[in-house]
Ligand SMILES: [Zn+2]
């Protein structure tokens, strides 16, 4: 069994502030330590469940938030900027299962540190009319490779948000968001125990899990008309309203790549 872990950071127990999520921020060291603890809990459980190899793709920020030699289970570590497949970089059809660790809710949700990829660009997104956060959009890549997503860890909002696209997903709640900038977290040791237990159970019979289902196109609302105009320069992206673009999902991998290109191209407009 080959296991692919996409590790984000905002959904980790104890993380409530952007300062914990940016290399320049006070608290970043603590944030990374907490992230590592949850990633290692997932790796340990995957290994115990019979994983022959585990790949961790660093899916947060500059995508280099972990010390490679601190990873459990001799896991491979895919890290570094400008990966075209972004949070799903490295996934292909040879993997048997995907785990989402440290995930957060979509931009409009009350999830702590909520956003959909870039909070300064994307205000909402939908697949087939159903709200898609980061998990739903990343499910496009897993759907393309026909790999099921077994687990998502984070707050109380991430599971319900992922479930329309990943019906078999197990959500492991490690904190209760109280708002976009506050949460009550489990003690990290308890959070890691929950992750170990949840991943072990979810990987018990991977063959019964189905890959994500993608029904309908991806609509993305952006903050400004300039962003919509620029986004529509990307192949596969069509402007359908003043601040909305549409990406057809007939080929889910192309759709995912059009979306990540949209995120890359609009970054220059997001600082002003
Ligand atoms: Zn992140």
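Residue numbers (my numbering): 46 to 317.
Beta carbons: idealized from backbone N, C-alpha and C, even for Gly.
Bear in mind that the values here come from a model prediction, so they are computed numbers and not experimental data.
query                                                                                                                                          : result
So, is residue 254 buried or exposed, given that buried needs 16 or more other C-beta atoms within 10 angstroms?                               : buried
Check whether the region 268-280 and the region 181-200 touch, using three or more Cβ-Cβ pairs below 8 Å as the test.                          : no
State the Cα-Cα distance for the pair residue 129 and residue 73, rounded to the nearest angstrom.                                             : 25 Å
Ignoring anything shorter than 3 residues or poking outside the region 189-225, list the beta strand (DSSP E) runs there in chain order.       : 194-200 and 215-224
Pick out whichever of 121, 157 and 251 has its Cα sitting closest to the Cα of residue 220.                                                    : 157
Return the chain-ordered ranges of every beta strand (DSSP E) run that is complete within the region 70-152 and spans a minimum of 3 residues. : 98-103, 121-123 and 142-146
Does DSSP put residue 276 in a helix, a strand or coil?                                                                                        : helix
Contact between the region 149-168 and the region 200-213: three or more CB pairs below 8 Å?                                                   : yes
Cβ of residue 55 versus every heavy atom of ligand 1: is any distance shorter than 8 Å?                                                        : yes
Between the beta-carbon of residue 146 and the beta-carbon of residue 53, is there less than 9 Å?                                              : yes
Under 8 Å by Cβ, that's how I've got residue 297 and residue 188 pegged, so tell me the actual separation to the nearest angstrom.             : 5 Å
By a C-beta neighbour count over all protein chains shown, 10 Å radius and 16 as the cutoff for buried, is residue 17 buried or exposed?       : With the chain covering only 46 through 317, there is no way to say anything about residue 17.
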